[in-house]
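Undergrad: Encoded as structure tokens, here's the structure I'll be asking about.
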Amino acid sequence: MKIHEFQAKEIFAAYGIPVAPARAVASVDEAAAAAAEIGTPVVVKAQIHAGGRGKGGGIVLAHDLDGVREAADRLLGHPLVTPQTGPEGRTVRTLLVEQASDIASEYYLAITIDRARRTAVVIGSQAGGVDIEETAARDPDAILKEWVEPAIGLRPFQAHRLVRKLGLPASAVRPATKLVLSLYKLFCAEDCSLAEINPLAITDDEQLVSIDAKLNLDDSGLFRHPKAQALRDLTEEDPLEVEATAANLNYIKLDGNVGCLVNGAGLAMATMDLIDHVGARPANFLDVGGGATAEMIEKGFRILVGDPDVEAVFINIFGGILRCDILAEGVVAAAKAVDVRCPIIVRLEGTNVDAGRGILANSGLSFQTATDLREAAQLVGAVAKGGAS
Amino acid sequence: MSILIDRQTRALVQGITGGEGRFHTERMLQDGTNIVAGVTPGKAGESVEGVPVFDTVADAVAATGANASILFVPPPFAADAICEAAEAGIELVVCLTEGIPVHDMLPVRRYVDLAGARLLGPNTPGLISPGKSKLGVMAGYIHTPGPIGIISRSGTLTYEVVHQLTALGIGQSTCVGIGGDPIVGLTFADLLPMFEADPETEGIILIGEIGGSAEEEAAALIEREISKPVVAFIAGRTAPPGRRMGHAGAIITGGAGTAAAKIAALTAAGVTVAPSPAEIGSAMAERLNS
């Protein structure tokens, strides 16, 4: 789960990680009041769940209150397009008004999980404020790493070693070491999958300050963080995805024209690949899970056909725990209720498959059925070609 | 032969008195699994499908000589249950639980190594040596005993592949789900040498997906150590970066973990990578006949 910069900085402050005085606001008047209280110059920062905000004009230095009002008025309620948002951008609903810092030098600091080594890893670089992936590709030696032994956690000597290699001014070494250890404590205690400060700045008077803050929370850890659940910003998510999540469905909207409904994440991805392989484009990822009910299938189907981009639907189910007859009942109920106009290709296999196929055949609706994946692929391919002509 | 489990395996079910535990204990017994004990704290003395229930894994091991365990334990308690099994001397711990926090798994994964146990999963459908033993939730009836070993990060996609093989008259030695989480126990690289050493296994199918680098590590190992034919499929060619595709581990981050990189590494190692999920079984049939 992603959270906003202003939310991450509140958590940073609770762990003693230095952040500049700031306030999150939702209107032009609030922005001006916050700037007056903090004292200009301030930085007005658009709060969206995407990087590259600076490049998109979402971070504005304002020297006076008029400048703050102007920036807030330009940003609030409007879409912000950055290299990570796609062409439609993301609507800005919240701004962070933050005291401007006199930055002498910038660094990169992050903690994440190294899956291959099965440990947490602390990553540092002198190239702060830029895309770390670009740095890693251009100059891998510029990336410093300290792997954390899970049994004993991050040791102070490791944090110190990293900070020394970053080449911070002597006066900042001790506070920076403490900062790295605090960030690791936060990373573990808040069940983060990523904790990133980019950039971490040293000011002209040699003070540390987190200019940006990014925390990604492990969805699997949310059950023990009731407060973190309140940080979810549903306006940042696709409305169809929000609807699907509420129905316990795993749905991701894509930009293709063939909708698919599948049980199991691996088979769902493979089904998307199959659609692509026969010359069409998947409109979504939808995993209804192993224990789906007829109601969940119906809901999933409604979400698919509610997507205006969908020109055909491909249902691919390998029934195990999810029985084919349950699936068929859900699909028939949904198809009757919503008056579907696009072709529906169904491939059923597994538990109670004969009963499932019988329900589809006797429904009075025209499904195109396939007995195996190869045949289903041909049907999807034919529909895709028909749509293109 | 087979790998990891066979008729001699003495299985234990942790969480046997819960709904899932009960249901799958019955099905595993039907598929030939030798289940000798169950464990649920506070339920010692009860029995499920004739299987005696104990309070702790250590009690169950002492009384029955159980050497493998399958866990039906909810996420908040699963990491602890894995440790309990490993500490009691269980050799193979199969954890089906989906949704264990990654910060719980980091030290637990380390502890399992320390205790000398093998962990499968978490977030796996388990494993089956058809006709011999099953520690998992896959439908036994779609499987047939035979010469192909399967290692997979996915559940239903594995059923699909088993179905394709069975339709072609090709059976399976052991089918192993390694799990869809970012931190798992046994990986492709651990299991490939076991299939290489298993005299019954004639070919290996590897079903990977986007995220992490387990497939790249497998490719390096295949090039060095595996002489048997290997067929692979990588799910997620069309998945967008930065989105978690169902499995917690299936996510492309920072340009790493893409299907293209995995397919390139496997192809370079001499693996036949099926271009479509409909052609995995037939690709293996071709490799066996050539």
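Sequences listed follow chains A and B, in order. With our numbering, the residue at position 178 of the first sequence is 187, and numbering never jumps. With our numbering, the residue at position 5 of the second sequence is -9, and numbering never jumps. Built from N, CA and C at the ideal position, the CB exists for glycine as well.
Whole angstroms are fine: how far does the CA of residue 216 of chain A sit from the CA of residue 191 of chain A?
TA: Position 182 of the first sequence holds residue 191 of chain A. Position 207 of the first sequence holds residue 216 of chain A. Whole-angstrom Cα-Cα distance: 16 Å.
Undergrad: Which residue's Cα is closest to the Cα of residue 128 of chain B: B:140, B:114 and B:276?
TA: In the second sequence, counting from the first residue as 1, residue 128 of chain B sits at position 142. Among B:140, B:114 and B:276, the Cα nearest to that of residue 128 of chain B is on B:114.
Undergrad: What are the start and end residues of each continuous alpha helix (DSSP H) run of 4 or more residues lying completely inside the stretch 256 to 330 of chain A, in chain order?
TA: 274 to 286 and 303 to 314
Undergrad: Using a C-beta cutoff of 9 Å, does residue 16 of chain B count as contacting chain A?
TA: Position 30 of the second sequence holds residue 16 of chain B. Not one chain A Cβ lies under 9 Å of residue 16 of chain B.
Undergrad: Is residue 244 of chain A buried or exposed, if buried means 16 or more other CB atoms sit within 10 Å of its CB?
TA: On the first sequence, residue 244 of chain A is found 235 positions in, with the first residue counted as 1. Result: exposed.
Undergrad: Could you pull the start and end residues of the alpha helix (DSSP H) that residue 50 of chain B belongs to?
TA: Working through the second sequence from its first residue, we reach residue 50 of chain B at position 64. That run of the alpha helix (DSSP H) goes 43 to 50.
Undergrad: Flag this pair as touching only if the stretch 283 to 294 of chain A and the stretch 348 to 357 of chain A have three or more C-beta atom pairs under 8 Å; answer yes or no.
TA: Taking one beta carbon from each stretch, the stretch 283 to 294 of chain A and the stretch 348 to 357 of chain A have fewer than 3 pairs nearer than 8 Å; the two do not touch.
Undergrad: What residue range is occupied by the uninterrupted alpha helix (DSSP H) comprising residue 5 of chain B?
TA: As a first step, residue 5 of chain B is located in the second sequence; it is residue number 19 there, counting from the start. Taken as a continuous stretch (DSSP letters only), the alpha helix (DSSP H) holding residue 5 of chain B covers 5 to 16.
Undergrad: Would residue 125 of chain A count as contacting chain B if we go by Cβ distances under 9 Å?
TA: Position 116 of the first sequence holds residue 125 of chain A. Taking Cβ atoms only, chain B reaches closer than 9 Å to residue 125 of chain A, which makes this a yes.
Undergrad: With which residues is residue 115 of chain A paired in a DSSP beta bridge?
TA: By 1-based counting over the first sequence, the position of residue 115 of chain A is 106. Looking at the DSSP assignment, residue 115 of chain A forms a beta bridge with A:210.
Undergrad: Where DSSP assigns a beta bridge to residue 225 of chain A, which residues make up the other side?
TA: Reading the first sequence from its first residue, position 216 is the one you call residue 225 of chain A. According to DSSP, residue 225 of chain A bridges with A:11 and A:203.
Undergrad: Express the C-alpha separation of residue 257 of chain B and residue 77 of chain A in angstroms, rounding to a whole number.
TA: As a working mapping, residue 77 of chain A is identified with position 68 in the first sequence. As a working mapping, residue 257 of chain B is identified with position 271 in the second sequence. Taking the straight line joining both Cα atoms gives about 60 Å.
Undergrad: Strictly below 8 Å CB to CB, what residues from chain E border residue 291 of chain A?
TA: Checking the listed chains, one finds no chain E in this structure; the protein chains it contains are A and B.
Undergrad: Identify which residue in B:-11, B:-3 and B:69 has its Cα closest to the Cα of residue 37 of chain B.
TA: In the second sequence, residue 37 of chain B corresponds to position 51, counting from 1. When only C-alpha atoms are compared, the closest one is B:-3.
Undergrad: Can you name, in chain order, every residue of its own chain whose Cβ lies under 6 Å from the Cβ of residue 17 of chain B, other than the five neighbours on each side?
TA: Taking the first residue of the second sequence as 1, we reach residue 17 of chain B at position 31. Excluding positions up to five away in sequence, the list reads 120 and 126.
Undergrad: Would you tell me roughly how many angstroms separate the C-alpha atoms of residue 43 of chain B and residue 76 of chain B, rounded to the nearest one?
TA: Your numbering for residue 43 of chain B matches position 57 in the second sequence. Your numbering for residue 76 of chain B matches position 90 in the second sequence. Within the model, the alpha-carbon separation for residue 43 of chain B versus residue 76 of chain B is close to 9 Å.
Undergrad: Between residue 260 of chain B and residue 217 of chain B, which are expected to be in contact by the criterion C-beta below 8 Å, what is the C-beta distance as a whole number of angstroms?
TA: Translated into positions along the second sequence, residue 260 of chain B becomes position 274. Translated into positions along the second sequence, residue 217 of chain B becomes position 231. Contact flag correct, Cβ pair sits at about 6 Å.
Undergrad: Please confirm whether residue 383 of chain A has its beta-carbon closer than 9 Å to some beta-carbon of chain B.
TA: Residue numbering aside, residue 383 of chain A sits at position 374 when the first sequence is read from its first letter. Interface annotation, residue 383 of chain A: in contact with chain B, CB-CB separation under 9 Å.
Undergrad: The beta strand (DSSP E) with residue 9 of chain A in it runs from where to where?
TA: Examination of residue 9 of chain A is not possible in this model, given that chain A is present from 10 through 398 alone.
Undergrad: Between which two residues does the alpha helix (DSSP H) containing residue 43 of chain A stretch?
TA: Translated into the one-based positions of the first sequence, residue 43 of chain A becomes position 34. Unbroken alpha helix (DSSP H) run through residue 43 of chain A: 37 to 47.
Undergrad: Would you call residue 11 of chain A buried or exposed, if buried means 16 or more other Cβ atoms sit within 10 Å of its Cβ?
TA: On the first sequence, residue 11 of chain A is found 2 positions in, with the first residue counted as 1. It is buried - the Cβ of residue 11 of chain A has at least 16 other Cβ atoms within 10 Å.
Undergrad: Looking at the secondary structure, which residues open and close the alpha helix (DSSP H) in which residue 142 of chain B lies?
TA: Position 156 of the second sequence holds residue 142 of chain B. For residue 142 of chain B, the uninterrupted alpha helix (DSSP H) segment begins and ends at 142 to 153.
Undergrad: How far does the beta strand (DSSP E) with residue 120 of chain B in it extend, from its first residue to its last?
TA: As a working note, residue 120 of chain B is residue 134 in the second sequence. Counting along the chain, the beta strand (DSSP E) containing residue 120 of chain B begins and ends at 119 to 122.
Undergrad: Quick check on the burial criterion: 16 or more other C-beta atoms within 10 angstroms. Buried or exposed for residue 186 of chain A?
TA: In the first sequence, counting from the first residue as 1, residue 186 of chain A sits at position 177. Residue 186 of chain A comes out buried.
Undergrad: Among the residues of its own chain, which have a CB less than 7 Å from the CB of residue 35 of chain A, if the five just before and after it don't count?
TA: Locating residue 35 of chain A in the first sequence gives position 26, counting from the first residue. These residues qualify, in order along the chain: 102 and 103.
Undergrad: Report, in whole angstroms, the separation of the C-beta atoms of residue 204 of chain A and residue 120 of chain A, which I expect to be a contact under 8 Å.
TA: For the purposes of this step, residue 204 of chain A is taken as the residue at position 195 of the first sequence. For the purposes of this step, residue 120 of chain A is taken as the residue at position 111 of the first sequence. So it is a contact: roughly 5 Å between Cβ atoms.
Undergrad: For residue 275 of chain A and residue 242 of chain B, which I take to be in contact (beta-carbon distance under 8 Å), what is that distance rounded to the nearest angstrom?
TA: For the purposes of this step, residue 275 of chain A is taken as the residue at position 266 of the first sequence. For the purposes of this step, residue 242 of chain B is taken as the residue at position 256 of the second sequence. At roughly 19 Å, the Cβ-Cβ gap does not stay under 8 Å, so residue 275 of chain A and residue 242 of chain B are not in contact.
Undergrad: Cβ of residue 226 of chain B within 9 Å of Cβ of residue -13 of chain B?
TA: Walking along the second sequence from the start, residue 226 of chain B turns up at place 240. Walking along the second sequence from the start, residue -13 of chain B turns up at place 1. No. Outside cutoff.
Undergrad: If I'm right that residue 86 of chain B touches residue 79 of chain B with Cβ under 8 Å, what's the distance once you round it to whole angstroms?
TA: Taking the first residue of the second sequence as position 1, residue 86 of chain B is located at position 100. Taking the first residue of the second sequence as position 1, residue 79 of chain B is located at position 93. With a Cβ gap of about 13 Å, residue 86 of chain B and residue 79 of chain B do not count as contacting.
Undergrad: Using only the alpha-carbon positions, how far apart do residue 397 of chain A and residue 376 of chain A sit?
TA: Residue mapping note: residue 397 of chain A aligns to position 388 of the first sequence, counting from 1. Residue mapping note: residue 376 of chain A aligns to position 367 of the first sequence, counting from 1. Residue placement at residue 397 of chain A is flagged as unreliable, the pLDDT there being 44, under the threshold of 50; a coordinate-derived value is accordingly withheld.
Undergrad: Listing by chain order, which chain B residues have their CB less than 8 Å from the CB of residue 375 of chain A?
TA: Along the first sequence, read from residue 1 onward, the residue named residue 375 of chain A stands at position 366. Result: empty, since nearest Cβ-Cβ is about 24 Å, beyond 8 Å.
Undergrad: Which of the residues in the stretch 65 to 96 of chain A, read from start to end, lie with their CB under 7 Å from any CB of chain B?
TA: Those would be none; no residue qualifies.
Undergrad: Assess contact between the stretch 19 to 35 of chain A and the stretch 255 to 266 of chain A, defined as three or more Cβ pairs (one per stretch) separated by less than 8 Å. Is contact present?
TA: no
Undergrad: Spell out whether any CB of chain A is found under 9 Å from the CB atom of residue 12 of chain B.
TA: Translated into the one-based positions of the second sequence, residue 12 of chain B becomes position 26. It does not: the Cβ of residue 12 of chain B has no partner Cβ on chain A nearer than 9 Å.
Undergrad: Checking contacts by CB at 9 Å: is residue 140 of chain B closer than that to chain A?
TA: Taking the second sequence and counting its residues from 1, one reaches residue 140 of chain B at position 154. For residue 140 of chain B, the nearest CB of chain A lies under 9 Å from its own CB, placing it at the interface with that chain.
Undergrad: Leaving out the 5 sequence neighbours to the left and right, which residues in its chain are closer than 7 Å to residue 73 of chain A when beta-carbon positions are compared?
TA: Residue mapping note: residue 73 of chain A aligns to position 64 of the first sequence, counting from 1. For residue 73 of chain A, where only same-chain residues beyond five positions count, the Cβ hits under 7 Å are 49.
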